[in-house]
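Student: If you scroll down you'll find the structure; I have some questions about it.
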Amino acid sequence: MKKIIVTGALGQIGSELVVKLRDIYGVGNVLATDIRKPEDTCGPFELLDVTDAKKMHDLSKDFGADTMIHMAALLSATAEKNPQFAWNLNMGGLMNALEVSRELNLQFFTPSSIGAFGPSTPKDNTPQDTLQRPTTMYGVNKVAGELLCDYYYSRFGVDTRGVRFPGLISYATPPGGGTTDYAVDIYYKAIEQGRYTSYIAEGTYMDMMYMPDALQAIVNLMEADGSKLKHRNAFNITAMSFEPSQIAEEIKKHIPTFKMDYNVDPVRQAIADSWPNSIDSSAAEEEWGFKADYNLENMTVDMLEKLRAKLD
Ligand code: AKB
Numbered sequence: 535m536k537k538i539i540v541t542g543a544l545g546q547i548g549s550e551l552v553v554k555l556r557d558i559y560g561v562g563n564v565l566a567t568d569i570r571k572p573e574d575t576c577g578p579f580e581l582l583d584v585t586d587a588k589k590m591h592d593l594s595k596d597f598g599a600d601t602m603i604h605m606a607a608l609l610s611a612t613a614e615k616n617p618q619f620a621w622n623l624n625m626g627g628l629m630n631a632l633e634v635s636r637e638l639n640l641q642f643f644t645p646s647s648i649g650a651f652g653p654s655t656p657k658d659n660t661p662q663d664t665l666q667r668p669t670t671m672y673g674v675n676k677v678a679g680e681l682l683c684d685y686y687y688s689r690f691g692v693d694t695r696g697v698r699f700p701g702l703i704s705y706a707t708p709p710g711g712g713t714t715d716y717a718v719d720i721y722y723k724a725i726e727q728g729r730y731t732s733y734i735a736e737g738t739y740m741d742m743m744y745m746p747d748a749l750q751a752i753v754n755l756m757e758a759d760g761s762k763l764k765h766r767n768a769f770n771i772t773a774m775s776f777e778p779s780q781i782a783e784e785i786k787k788h789i790p791t792f793k794m795d796y797n798v799d800p801v802r803q804a805i806a807d808s809w810p811n812s813i814d815s816s817a818a819e820e821e822w823g824f825k826a827d828y829n830l831e832n833m834t835v836d837m838l839e840k841l842r843a844k845l846d
């Protein structure tokens, strides 16, 4: 049975991932860590600032971890507000997590993102291996992180694995500081106010995925036969690509009075414009059987149902 330490466990992905991992591997085998305390704890939890290498090492060792899932990071829009801090947290945290994994021989996962691509990357059906010259601090962190993970595998034999996540949509924990967050906010506002003002312009396509598919992808990649992995880190994965008016139209099928207008935020729009319209996930499909169950249609049905129950 795996013994897993998770950093950033109270974030958008971490909070749902910990629940899933505890279902699979047992509550006592998953140590959740974050920089702040949870409102309620349903299993082992420790405070951890990921820039504190010694504490990360000691917690992992005392817990007897054999796996590190490193989620703590600033997202794209927040990183743009404070790039120096983003570098220190995103790269410092990753370096510490990789070092702990090397010292304690842990299997390692960390996510990259569609943010690792830039304006010179082919925009449609973006290949797995392609030009990566991102123009955001988040993107610079992600490319450096992908390379660092490859380096730790080839130089030290650390079993590093990772995916490039698209925008993730979930009803459980709201995201914070991302460029793709509009695709989550829109569902909340549709139910609460019947209208939404999009900060992303009409016609801006980005890849997206429903959280259950993202969590399953992490589990499947970590369980995959390592000898079949040619890429190991930074696998492109995606479930759908849409632009704001398409998600609005889908919501209208269920809330016919729903209205959307636009008030474009130049910072987040510039980030979105520098990212692909849609990426190609065939390497992940071939090497470890990635597949997504949700598309825009069945995700919208589920999101609205779950959010209505939550917000009632
Ligand atoms: C963001 O928008 O920053 C993230 C991402 C795509 O990495 N959701």
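Position 120 of the sequence shown, counted from 1, bears residue number 654 in the working numbering, the numbering being contiguous throughout.
All C-beta atoms, glycine included, are put in the ideal place defined by N, C-alpha and C.
Can you give me the C-alpha to C-alpha distance between Asp-747 and Asp-658, rounded to a whole angstrom?
Tutor: 22 Å
Student: Pop quiz: Arg-851 and Asn-770 are said to be a contact at Cβ under 8 Å. What is the actual Cβ separation, rounded to whole angstroms?
Tutor: With the chain covering only 535 through 846, there is no way to say anything about residue 851.
Student: According to DSSP, simplified to helix, strand and coil, what is Arg-729?
Tutor: Correct three-state label for Arg-729: strand.
Student: Label Met-535 either buried or exposed according to how many other C-beta atoms from any shown protein chain fall within 10 Å of its C-beta, with 16 as the threshold for buried.
Tutor: exposed
Student: Just verifying my parser: in three-state terms, what is the DSSP assignment at Lys-793?
Tutor: strand
Student: How far does the beta strand (DSSP E) with Thr-566 in it reach, from first residue to last?
Tutor: Contrary to the premise, residue 566 reads as Ala rather than Thr in this sequence. In the DSSP assignment, Ala-566 falls within the beta strand (DSSP E) that extends over 564-568.
Student: For Lys-840, which option in Met-745, Asp-814 and Gln-662 has the closest C-alpha, if you only look at C-alpha atoms?
Tutor: Met-745
Student: Can you tell which of Ile-539, Ala-768 and Thr-669 has the C-alpha that lies nearest to the C-alpha of Glu-898?
Tutor: Examination of residue 898 is not possible in this model, given that the chain is present from 535 through 846 alone.
Student: Restricting to Cα atoms, I'd like to know which of Pro-709, Lys-764 and Gln-641 is closest to Ser-816.
Tutor: Of Pro-709, Lys-764 and Gln-641, the smallest CA-CA separation from Ser-816 is found for Lys-764.
Student: Counting beta carbon pairs with one atom in the region 594-613 and one in the region 537-550, are three or more of them shorter than 8 Å?
Tutor: By the Cβ test, the region 537-550 is in contact with the region 594-613, since at least three Cβ pairs between them sit closer than 8 Å.
Student: Would you say Arg-842 and Ile-725 are within 8 Å of each other, going by their C-beta atoms?
Tutor: In contact: Arg-842 and Ile-725 (Cβ atoms closer than 8 Å).
Student: Just to confirm before moving on: does the CB-CB distance between Arg-636 and Phe-690 stay below 8 Å?
Tutor: Their beta carbons are under 8 Å apart, which means Arg-636 touches Phe-690 by this criterion.
Student: Could you check if Glu-573 is buried or exposed, using at least 16 other CB atoms within 10 Å of its CB as the buried criterion?
Tutor: exposed
Student: Quick check: Leu-713 and Pro-810, are their CB atoms within less than 8 Å of each other?
Tutor: For clarity, residue 713 is Thr in the given sequence; the question names Leu instead. No, the Cβ-Cβ distance between Thr-713 and Pro-810 is not below 8 Å.
Student: May I ask you to verify whether the region 635-649 touches the region 785-792, counting CB pairs closer than 8 Å and requiring at least 3?
Tutor: At 8 Å Cβ cutoff, the stretches do not touch.
Student: Kindly give me the distance between the Cβ atoms of Gly-696 and Thr-644, rounded to whole angstroms, as I take these residues to be in contact under 8 Å.
Tutor: 5 Å
Student: To the nearest angstrom, how far is it from the Cα of Glu-831 to the Cα of Glu-783?
Tutor: 10 Å
Student: Cutting at 8 Å between CB atoms, please list the residues of its own chain near Tyr-687, excluding the five before and the five after it.
Tutor: Asp-693, Thr-694, Arg-766 and Asn-767
Student: Determine the direct distance from the alpha carbon of Ser-594 to that of Ala-806, and round the result to whole angstroms.
Tutor: 37 Å
Student: Is Asn-797 near Thr-738, with beta carbons less than 8 Å apart?
Tutor: Going by C-beta atoms, Asn-797 is not nearer than 8 Å to Thr-738.
Student: Among Thr-834, Pro-700, Glu-757 and Ile-785, which residue has its Cα nearest to the Cα of Asp-715?
Tutor: Pro-700
Student: Could you check if Cys-576 is buried or exposed, using at least 16 other CB atoms within 10 Å of its CB as the buried criterion?
Tutor: exposed
Student: Beta strand (DSSP E) containing Ser-775: first to last residue?
Tutor: 774-776
Student: Under three-state DSSP, which class holds Gln-803?
Tutor: helix
Student: Could you check whether the Cβ of Ile-648 sits closer than 7 Å to any heavy atom belonging to the ligand AKB?
Tutor: The closest heavy atom of the ligand AKB lies less than 7 Å from the beta carbon of Ile-648.
Student: Alpha carbon to alpha carbon, what distance is there between Asn-622 and Ile-752?
Tutor: 25 Å
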